[in-house]
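Number of protein chains: 2
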Amino acid sequence: MRAAKRTAQATQESLHRIFTIAEAPDSTLGRIEQEMSQNLAGFLGNHIVATKNALSDIEQDFINAQIPEQPEFVSDHMQHLLDKLVAQSVHTSSASFIGHMTSALPSFILPLSKLMIGLNQNLVKVETSKAFTPLERQVLGMMHNLVYQQQDEFYQAWMHSAQHSLGAFCSGGTVANITALWVARNKLLRPDGDFKGVARSGLYAALQHYGYKGLAILVSERGHYSLKKSADILGIGQDSVIAIATDENNKIDCQQLKAKCEQLAKENIKVLAIVGVAGTTETGNIDPLDKMAAIAEQYQCHFHVDAAWGGATLLSNKYRSLLKGIEGADSVTIDAHKQMYVPMGAGLVIFKDPESVAAIEHHAEYILRKGSKDLGSHTLEGSRPGMAMLVYSSLHIISRPGYEMLINQGIEKAQYFADLINQHEDFELITKPELCLLTYRYAPKAVQELLARSDEKTQAELNLTLGKLTKFIQKRQREDGRSFVSRTRIEVARYGGEKIIVFRVVLANPLTSQAILQDILHEQTQLAQESENFLPQLLEAAKA
Amino acid sequence: MRAAKRTAQATQESLHRIFTIAEAPDSTLGRIEQEMSQNLAGFLGNHIVATKNALSDIEQDFINAQIPEQPEFVSDHMQHLLDKLVAQSVHTSSASFIGHMTSALPSFILPLSKLMIGLNQNLVKVETSKAFTPLERQVLGMMHNLVYQQQDEFYQAWMHSAQHSLGAFCSGGTVANITALWVARNKLLRPDGDFKGVARSGLYAALQHYGYKGLAILVSERGHYSLKKSADILGIGQDSVIAIATDENNKIDCQQLKAKCEQLAKENIKVLAIVGVAGTTETGNIDPLDKMAAIAEQYQCHFHVDAAWGGATLLSNKYRSLLKGIEGADSVTIDAHKQMYVPMGAGLVIFKDPESVAAIEHHAEYILRKGSKDLGSHTLEGSRPGMAMLVYSSLHIISRPGYEMLINQGIEKAQYFADLINQHEDFELITKPELCLLTYRYAPKAVQELLARSDEKTQAELNLTLGKLTKFIQKRQREDGRSFVSRTRIEVARYGGEKIIVFRVVLANPLTSQAILQDILHEQTQLAQESENFLPQLLEAAKA
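Keeping their order, the protein sequence lines are chains A and B. Every letter in the first sequence is one number past the one before it in the working numbering, and letter 499, counting from 1, is 500. Every letter in the second sequence is one number past the one before it in the working numbering, and letter 300, counting from 1, is 301.
If you want it as structure tokens, here you go:
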């Protein structure tokens, strides 16, 4: 009994210690922290092992569903994390990891993140965030300014107004898109006479009251999957998201968009929102936003722009005009954790009209009292961390001209890579870059020539085999772990709109050099030779 | 021209540097990082100034909506953050900040957070997270185990299965609640014959197909405001959330719950979900979950438990039984950033049935391919950070018995504080603690005696003035900055169910000592004397 009491006492003391005493600098954790502080790239390079481990093997290290009954020493646990987690992570900041929308982070981000986490503010209300609330409002103001460029008076009037908000900060682009369409839905189906509005009475009563047969969200076929998810969540239904065809540059066909609006109006289906894409996920193209804004205006519907990827391009005076017309949007999604080089978990939606958020406002007794400046009264999320601080600091430390340089570099690097692919006779550029994304595939010269002179049926067969080859190369390259490109399937006009499998690259990492891009083509050429069936088969066909 | 080129060159080099070279240890940022590493509590104590600054004054520091055109040196910016942001933040981890659900963090959290952020994984898919995906699945398994205590075979079968998931990790309890109700809605209104289901066809078609007049969500009047928000977002409407009365212990009245189910069935309104609360936000009480599970079973509806706050109590063998019946829930929300001492941004929802998430599954070409183990195919959010790592590490380093000690301490500290209040003749305990929350107010002995002998009308008048006094004390205390309690308005049975204003405290911070609690009552007694009108008025009434 006494022994048990002593153990309890010891555990109690050790618990108290972990809340009060820091890790010693010479502890495992202390040393690792220093290593990370001094050279994050080196740390990640040293500790992330480019293994060919299958996921099923890794799962064996994470198989126990019991919550541990024995505490672990911090240092032991850290070693375990290094061996089992870090070693088997993805080196997302590697200069040769150009397959997804992750990049290296500026070095000041790490200590600032630590400060943000140590402060552990909760942005849901002023009482748990104080200066973080005005800071987040300022960041929303700056981002609104980036998109809409209003006069100073506008920002002085609305930025810190309790009843208004220029946008909503959130964990990422999906929540931002849901929030935008939530606002659009609630504004469209607003209270009217005896009808209390969709927010209170729900969608069934709302459609009955307004007499609409249904709702629709119109977006190009390149729209992000989060829009269907939004339509599902908001009760509108995924099938209400109508995909409009794109032209050969992956931009929405405005003729067809207009025709669809016309048709839906006749069918008494109300267009809830037209969604423009500024930086498609697969190819990085930008819809003709100005034309779309005009159509939305004509049909009196909400115009949302999903600029999760491309929004940061507005920071570049040189390329800003690629998004011309964005100022006609009622709402805009921008992910700071993409081209603004902030860590994962920082998305935002901006509203043109500071009154928009009233459509989703809610209050509670103990927080979010009416008239308070609590940010939580018009966000989808409740408790939220102070990620806005990292955007604030990045905007100040990098500044707009610094961001411009990063954005321009990315676009111009993609143009360089496109040239490289075009000049290489065994590669085929599929979509040329508008922002810093492009798609391509490995297709030996002879096969490309054969494709050019083949009929559609033969083309389809060849593309099928080329697709298998692309998949083979991509998987191998990923497993080898030196570099990474992603793959997707897209419709290609020159092959009759058939879906073909392609490599997809995103060139946002400032550390990705021209030499790395050259190496990637070289590596892919070599991997192609290792395909036992597909390449020989293709070359055989080309010879015949 | 040449000068401009040189400037551009210099900016380019400095940009490259911020992505490659760490801050020097003797730089401002380096020194601050060390200070935080060595003694976070000291750092926060030194830098957060307990100012009486009004929010409108602080806003003046965050007033510029222009994105800077000039880069700032990291060190200068850091000094700016210390002066304007940190100094004017809230010391959420202070031992005397007992008004909200934030607490001190264990010291190992800071370096681990830094590791998590440096790795910058994206949990939406395996390609950008690798070992983090099995890790998150393991954490979901452990939390499922905590709630449902299934056999090992269960976890071996489902934890890492591509088509299944034991839950969804998310940024916080609100998203967790929305996700749970989204699943419930889509399961209820599932595909059926020609009807493609609510996910595809929307709520209007779904209600028509199933012939329901409406849907309802039943929860006690102490339910969290996120449930109304969920009902709004999901298209069901806030008015469909029906508040069931609570007993004198703030627990749902099961008689009334059942009666409401009966009535709704007659009206052809389908109960979408019954929601139990395990740890009400205001008073920390727990609904009779076992009885609610039986009612949900009887009326064949989804039973969700919002255990955002109280879920961690399951880690305590001593107090686990407070949540008895939770294993009857179809889904459970738990916030790791509350009583699991992980930083802001870590919520989760657990599903009893591993197949549940199929109701919200979605796929896309370039990611979330069918058959992949990508976690993003059944989460509300898209791109997400690796916060699950912090839960994983905390579970290993603190372990279940460590958590038990923390939970027990909190509950017993609240019992101590309740005793203190009861023994103090000038304070009135309003709700006694079941978990580590309680509410009370300052009410001089003479006033309490007057209340006891007064009729309802006089009681109401006295309570109004006492409410004003409570508000006065709470605001003053917050402004003085030494300590913080929150306030709310709750219905109190002994005063005829009238809503009265009370102090609310949450005693989850392991560093909050008995001495601090004594000081808080002392401080409040003193602040009461500073009220120029309310206290004299009350004392006058008591004398008459």
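No residue lacks a Cβ here, since even glycine has one placed at the ideal position from N, Cα and C. Quick caveat: nothing in here was measured; it's all calculated off a predicted structure.
### Message
Quick check: the Cα distance between Gln-257(B) and Ile-245(B), rounded to an integer number of angstroms?
### Response
7 Å
### Message
Whole angstroms are fine: how far does the CA of Ser-57(A) sit from the CA of Gln-152(B)?
### Response
21 Å
### Local Cβ density within 10 Å of Glu-429(B), reported as buried at 16 or more and exposed below that
Residue environment analysis places Glu-429(B) among the buried positions, since at least 16 neighbouring C-beta atoms fall within 10 angstroms of its C-beta.
### Query
Taking contact to mean at least 3 C-beta pairs separated by less than 8 Å, is the segment 410–424 of chain B in contact with the segment 156–166 of chain B?
no
### Task
Compare the Cα-Cα distances from Asp-375(A) to each of Ile-19(A), His-78(A) and His-165(A) and report the closest residue.
His-165(A)
### Query
Buried or exposed: His-523(A), going by 16 or more other Cβ atoms within 10 Å of its Cβ?
exposed
### Query
In or out: Asp-233(A) buried (at least 16 other Cβ within 10 Å) or exposed?
buried
### Query
If we ignore side chains and look at the alpha-carbon of each, how far apart do Glu-457(A) and Glu-356(A) end up?
One C-alpha to the other measures close to 54 Å.
### Task
Can you give me the start and stop residues for the beta strand (DSSP E) that Arg-442(A) sits inside?
438–443
#### Entry: Neighbour list for Gly-119(A) in chain B, Cβ cutoff strictly below 9 Å
Counting only Cβ-Cβ distances below 9 Å, Gly-119(A) has contacts in chain B at Met-37, Leu-41, Phe-44, Leu-45, Ser-94, Leu-106, Ile-110, Leu-111, Ser-114 and Pro-344, in chain order.
### Task
Find the residues of chain A that neighbour Ala-365(B), judging by a C-beta separation of less than 7 Å, and give them in chain order.
Tyr-226
### Three-pair Cβ contact test at 8 Å for the segment 524–536 of chain A versus the segment 62–72 of chain A
no
### Stretch-stretch touch, CB-based, cutoff 8 Å, three pairs: the segment 284–295 of chain B with the segment 116–129 of chain B
no
#### Entry: Every unbroken alpha helix (DSSP H) inside the segment 173–217 of chain B [4 residues or more]
174–189 and 199–211
### Task
Name the one or two DSSP bridge partners that Leu-349(B) has.
Phe-170(B) and Ile-335(B)
### Query
Would Ser-241(A) count as contacting chain B if we go by Cβ distances under 8 Å?
yes
### Query
Counting along the chain, where does the beta strand (DSSP E) carrying Val-493(B) start and finish?
487–493
### Task
Report the residues of the segment 239–263 of chain A with a CB closer than 7 Å to any CB of chain B, ordered along the chain.
Gln-239, Asp-240 and Ser-241
### Query
Taking three-plus beta-carbon pairs below 8 Å as touching, is the segment 491–503 of chain B in contact with the segment 96–109 of chain B?
no
### Query
Where do the ends of the beta strand (DSSP E) carrying Asp-307(A) lie?
303–307
### Own chain residues within Cβ distance below 6 Å of Pro-192(A), not counting five before or after
Gly-198
### Query
Going along the chain, which residues of its own chain have a beta-carbon closer than 6 Å to the beta-carbon of Phe-304(B), five neighbours each way excluded?
In its chain, beyond the 5 residues on either side, Ile-275, Ala-294, Ala-297, Ala-330 and Asp-331 have a beta carbon closer than 6 Å to the beta carbon of Phe-304(B).
### Message
Using C-beta distances below 8 Å, list every residue in its chain close to Cys-255(A), excluding the 5 sequence neighbours before and after it, in chain order.
### Response
Apart from sequence neighbours up to five positions away, the residues of its chain that approach Cys-255(A) with a beta-carbon distance below 8 Å are Pro-289, Lys-292, Met-293 and Ile-296, ordered along the chain.
### Task
List the DSSP bridge partners of Ala-260(A).
Per DSSP, none; premise fails for Ala-260(A).
### Query
Listed in chain order, which residues of the segment 12–30 of chain A have Cβ atoms closer than 7 Å to some Cβ of chain B?
Against chain B - using a Cβ distance shorter than 7 Å - the residues of the segment 12–30 of chain A are Thr-12, Gln-13, Leu-16, His-17, Ile-19, Phe-20, Thr-21, Ile-22, Ala-23, Glu-24 and Leu-30.
### Against chain A: residues of the segment 199–211 of chain B by CB proximity under 9 Å
Val-199, Ala-200, Arg-201, Ser-202, Gly-203, Leu-204, Tyr-205, Ala-206, Ala-207, Leu-208 and Gln-209
### Query
Based on the DSSP output, what are the partners of Phe-428(B) in its beta bridges?
Beta-bridge partners assigned by DSSP to Phe-428(B): Tyr-443(B).
### Short-range partners of chain A found in the segment 470–494 of chain B, where Cβ spacing is below 9 Å
Arg-479, Phe-485, Ser-487, Arg-488, Thr-489, Arg-490 and Ile-491
### Task
Give the secondary structure of Lys-271(A) by DSSP, where H, G and I count as helix, E and B as strand, and everything else as coil.
strand
### Task
Report buried or exposed for Ala-11(B), applying the criterion of at least 16 other Cβ atoms within 10 angstroms of its Cβ.
exposed
#### Entry: Residue-chain proximity (Phe-418(B), chain A), Cβ-Cβ < 8 Å
Not an interface residue.
### Query
Can you tell me whether Lys-325(B) is buried or exposed, with buried defined as 16 or more other CB within 10 angstroms of its CB?
Lys-325(B) comes out exposed.
### Three-state secondary structure assigned by DSSP to Thr-247(A)
Here DSSP, grouped into helix, strand and coil, assigns Thr-247(A) to strand.
### Query
Listing by chain order, which chain B residues have their CB less than 7 Å from the CB of Gln-71(A)?
Ser-400
### Beta carbon proximity, Asp-233(A) to chain B, threshold 8 Å
Closer than 8 Å: yes.
### Query
What residues from chain A crowd round Leu-396(B), counting only those whose CB sits closer than 9 Å?
Those are Ile-68 and Pro-69, listed as they occur along chain A.
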